[in-house]
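**Q**
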Ligand code: FEO
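In the working numbering, the protein residues as written are 965 to 1134.
The structure is reproduced here in structure tokens:
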């Protein structure tokens, strides 16, 4: 039996991760509409990773014999003024997700739920990578975004991203 607060936070995280997928699909849609297929591909794969994250939390609750309650997924409502504003919204969102993971970890720590803490260790590391990736996208856009030829090359680089399944298996 999971502690009720830990249970509620993990259940909520399922929704938050599916929302993340929605958000990145919206990013992908933005870049597709602006002719940047490589960026669109990068965020499409990011959306797939977020669905994986959601399913890991979902499976964890099921494995622990805890109920899963699926709630409505919010509509992505960010207004993008330019390419950079999309990337900045990505970094802001990942920082928020890191804070959510930390909150679950804190709740598990408070009740000495070592199994949940061990499960969350993967997400703690993953969030470090997610924030680094989001920062890198901003740095690259700062460096290359204003020159059409460089932006084309960056778009080509991002087109090469391929999906890999998460290293955590439950
Ligand atoms: Fe599921 Fe981008 O964190």
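Every residue, glycine too, gets a C-beta built ideally from N, C-alpha and C.
The ligand FEO heavy atoms versus the CB of residue 1091: any closer than 7 Å?
**A** Correct: residue 1091 has its Cβ closer than 7 Å to the ligand FEO.
**Q** Using only the alpha-carbon positions, how far apart do residue 992 and residue 1025 sit?
**A** Answer to the nearest angstrom: the Cα atoms are 30 Å apart.
**Q** How far does the alpha helix (DSSP H) with residue 1046 in it reach, from first residue to last?
**A** Per DSSP, residue 1046 belongs to no alpha helix (DSSP H) and is neither H nor E.
**Q** Looking only at its chain, what residues have a beta carbon closer than 8 Å to the beta carbon of residue 1047, apart from the 5 residues adjacent to it on each side?
**A** Hits under 8 Å: 995, 998, 1000, 1003, 1105 and 1109.
**Q** Do you know offhand how far residue 1018's Cα is from residue 1037's?
**A** Cα to Cα, the separation comes out at about 12 Å.
**Q** Keeping to the same chain, check which residues put their C-beta closer than 8 Å to that of residue 1063; ignore five residues upstream and five downstream.
**A** So no residue of the chain qualifies.
**Q** So residue 1084 and residue 1071 are supposed to be a Cβ contact under 8 Å. How far apart are they, rounded?
**A** Residue 1084 to residue 1071, Cβ: 10 Å. No contact.
**Q** For residue 1005, which three-state DSSP category applies?
**A** DSSP places residue 1005 in helix when its eight states are reduced to three.
**Q** When the Cα of residue 1056 is compared with those of 1089, 1088, 1096 and 1069, which residue comes out closest?
**A** It is 1096 whose Cα lies nearest to the Cα of residue 1056.
**Q** Heavy atom of the ligand FEO less than 7 Å from the Cβ of residue 1017, yes or no?
**A** Yes, the ligand FEO has a heavy atom inside 7 Å of this Cβ.
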